[in-house]
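To keep things clear, I will list the structure first and then write my remarks on it.
In UniProt numbering, the protein residues as written are 1 to 589.
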């Protein structure tokens, strides 16, 4: 998803400005309030620095009765006003940051999800999610870093410089010598930050990926006592990422001591110059105190600005990576406009279909067959025989490089996306459930399903006994990916979701692999009765499934090597018999 190209300073700045142009206008009313708060912060900071002159001259040099109380009240009032403005500015910044970050995270997720299956198969989903979260957050950080944090510091710096100019223009001009040195230092560090950030992002995605893999296979990890090895893998990935994070931190931290050193040199010169000016009466102690206070206070926003700039280099690299993703045209299948009648089961025909994944060996070679409307057919073969590729092509997750697939004579490439996927329901052994209720997961198969439709689908998938044991029945939560259910219960729920779809073609991939024989027989009989008239394709290794089909397609090394009834194949087909030795399938229904 991310490339390794070098990102220039100009490109990073351009993309930083782009995200500001996109994100800020819709929020301009709220931002206007933020600007008022930021101006207030700067004004009252300057006023606080300038009050030092009044404190020294009015309280300690030319003291008058009650002066201390008046000056104290003034300082407290200025501090309170500044605190109120600071709170408003920080609160709005936090709201903006979250709002903008969420907006771009949603855009990234939608963009990635709209890619075709081939693209998604190449990119590891956990790594994508880690990268998506990180680069999405960068959009909010850039907007707030530039439009809030930097603006506050710049306005504050201007206000304090104004105080310094009022007290001593000459010394203020002397301060200008320091700024080119600071600018050179920050520019030098920025290039290193941009380069280090790209590597940090990739490593962050890697340790998220490793952790996800371990928890996805937690039962295998526990069964094979792989805890120590898994911890070592994760620790290695985290340590590698942490080294990169510390590398970035070391570069970023360089600005602070350098600023401290430069600031100390300038303050030392000011003390000598100020003592001379005060001694000959050119400046009052209060004016010198106000100047030094303003300078010391100005040092803080100047230091923060340097840190903001360094941080923005990192965030703008991430924003550039974000736009690399968003500007990339989604890799999508091109669909036609042909429709398929809703209450009609089409004939499926494969004509000399061949397919390979990239440069790999052919996954399918010259596959041809016709599946009449309403037929129940099994697709069998050893691992790697081409079964999964065949059903992926039937669903048009991939297009064959040669040959074609037709429904009632219409090439599926000419059929509209909505019509094709409305007509096909895929129920996999790798059951995927959303974190919702049983009813919600069944309704995912058909958003227009009524409560009665949902209940009927549940009955046909033999879920009544499961529903009866749950406190809220169909409205009971299943947990993330159905963790509250057993493997067999999850499979039955997936079958119910497929039944609710009311498709005309059903593809079942080892749907009863987690069921005992008794439940398998009950569910198969119920499913076949419920889907009467639909074409049913069973991808299976289980001989028991063959009792429910009219024909078996035998795949071997990407080729269709046999196609006949289960009984006929059992009599004289070596390829079939090698798969189902010691089994003589019958026929049911």
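We put the beta carbon where it would ideally sit given N, CA and C, even for glycine.
{"Item": "Between residue 72 and residue 290, how many whole angstroms is the CB-CB distance? I'm expecting something under 8 angstroms.", "Value": "Wrong, their Cβ atoms sit about 17 angstroms apart, outside the cutoff."}
{"Item": "Tell me the DSSP secondary structure of residue 338 in three-state form.", "Value": "strand"}
{"Item": "Who are the near neighbours of residue 516 in its chain, counting only those whose CB is closer than 8 angstroms to its CB and skipping five residues on each side?", "Value": "488"}
{"Item": "Looking at C-beta atoms only, is the number of pairs between the stretch 417 to 429 and the stretch 450 to 467 that lie closer than 8 angstroms three or more?", "Value": "no"}
{"Item": "Would residue 9 be called buried (16 or more neighbouring beta carbons within 10 Å of its own) or exposed?", "Value": "exposed"}
{"Item": "Alpha carbon to alpha carbon, how far is residue 235 from residue 17? Give it in angstroms, no decimals.", "Value": "38 angstroms"}
{"Item": "Between residue 144 and residue 105, how many whole angstroms is the CB-CB distance? I'm expecting something under 8 angstroms.", "Value": "Not really, about 15 angstroms apart at Cβ, beyond 8 angstroms."}
{"Item": "Can the beta-carbon of residue 365 be found closer than 8 angstroms to that of residue 140?", "Value": "no"}
{"Item": "Do the stretch 73 to 89 and the stretch 28 to 39 meet, that is, are 3 or more Cβ pairs less than 8 angstroms apart?", "Value": "yes"}
{"Item": "I'd like to know whether the C-beta atoms of residue 159 and residue 46 end up nearer to each other than 8 angstroms.", "Value": "yes"}
{"Item": "Could you give the first and the last residue of the continuous beta strand (DSSP E) run that contains residue 508?", "Value": "505 to 509"}
{"Item": "Looking at residue 399: is its Cβ nearer than 8 angstroms to the Cβ of residue 422?", "Value": "no"}
{"Item": "Residues in its own chain within less than 7 angstroms of residue 533 by CB, not counting five upstream and five downstream?", "Value": "345 and 374"}
{"Item": "Would you grab the beta carbon distance between residue 152 and residue 42 for me? Rounded to a whole angstrom, and I think it's under 8 angstroms.", "Value": "7 angstroms"}
{"Item": "Label residue 301 either buried or exposed according to how many other C-beta atoms from any shown protein chain fall within 10 Å of its C-beta, with 16 as the threshold for buried.", "Value": "buried"}
{"Item": "Looking at C-alpha atoms only, which residue of 519, 537 and 355 is the closest neighbour of residue 503?", "Value": "537"}
{"Item": "Helix or strand or just coil, what does DSSP make of residue 543?", "Value": "helix"}
{"Item": "Buried or exposed for residue 357, going by 16 or more other Cβ atoms inside 10 Å?", "Value": "exposed"}
{"Item": "May I have the straight-line CA-CA distance separating residue 589 from residue 507, to the nearest angstrom?", "Value": "A caution first: residue 589 carries a pLDDT of 46, below 50, which makes its placement in the model unreliable, though a value can still be read off. Near 18 angstroms, if we compare the C-alpha coordinates of residue 507 and residue 589."}
{"Item": "For residue 402, report the span of its beta strand (DSSP E) as first-last.", "Value": "402 to 407"}
{"Item": "Could you please give me the residues that DSSP links to residue 538 through a beta bridge?", "Value": "378 and 508"}
{"Item": "Please classify residue 314 as buried or exposed, where buried requires at least 16 neighbouring CB atoms within 10 angstroms.", "Value": "buried"}
{"Item": "Please tell me whether residue 555 and residue 394 are closer than 8 angstroms, where the distance is taken between their beta carbons.", "Value": "no"}
{"Item": "Tell me, which residues are paired with residue 369 by DSSP?", "Value": "350"}
{"Item": "With distances taken between CB atoms, is the gap from residue 85 to residue 295 smaller than 8 angstroms?", "Value": "no"}
{"Item": "Where does residue 555 fall in DSSP's three states?", "Value": "strand"}
{"Item": "Is it buried or exposed, residue 578, if we count other Cβ atoms within 10 angstroms and call 16 or more buried?", "Value": "exposed"}
{"Item": "Relative to the C-alpha of residue 403, which residue among 544, 418, 355 and 363 is closest?", "Value": "355"}
{"Item": "If the criterion is Cβ atoms closer than 8 angstroms, does the pair residue 565 and residue 551 meet it?", "Value": "yes"}
{"Item": "When the Cα atoms are used, what is the spatial distance from residue 569 to residue 576?", "Value": "6 angstroms"}
{"Item": "Is residue 369 closer than 8 angstroms to residue 611 when the C-beta atoms are compared?", "Value": "Residue 611 lies beyond the residue range present for the chain, which begins at 1 and ends at 589; the question has no answer from this structure."}
{"Item": "Kindly indicate which residue of 121, 11 and 563 has the alpha-carbon position closest to the one of residue 367.", "Value": "563"}
{"Item": "Is the beta carbon of residue 454 less than 8 angstroms from the beta carbon of residue 474?", "Value": "yes"}
{"Item": "Which whole-angstrom value describes the C-beta separation of residue 436 and residue 500, a residue pair presumed to lie in contact below a C-beta threshold of 8 angstroms?", "Value": "Actually they are not in contact, since the Cβ atoms of residue 436 and residue 500 sit about 14 angstroms apart, beyond 8 angstroms."}
{"Item": "Is it right to say residue 415 is buried, meaning 16 or more other beta carbons lie within 10 angstroms of its own, or is it exposed?", "Value": "buried"}
{"Item": "Hey, residue 405 and residue 350 are a contact pair by Cβ (cut 8 angstroms); roughly how many whole angstroms apart?", "Value": "5 angstroms"}
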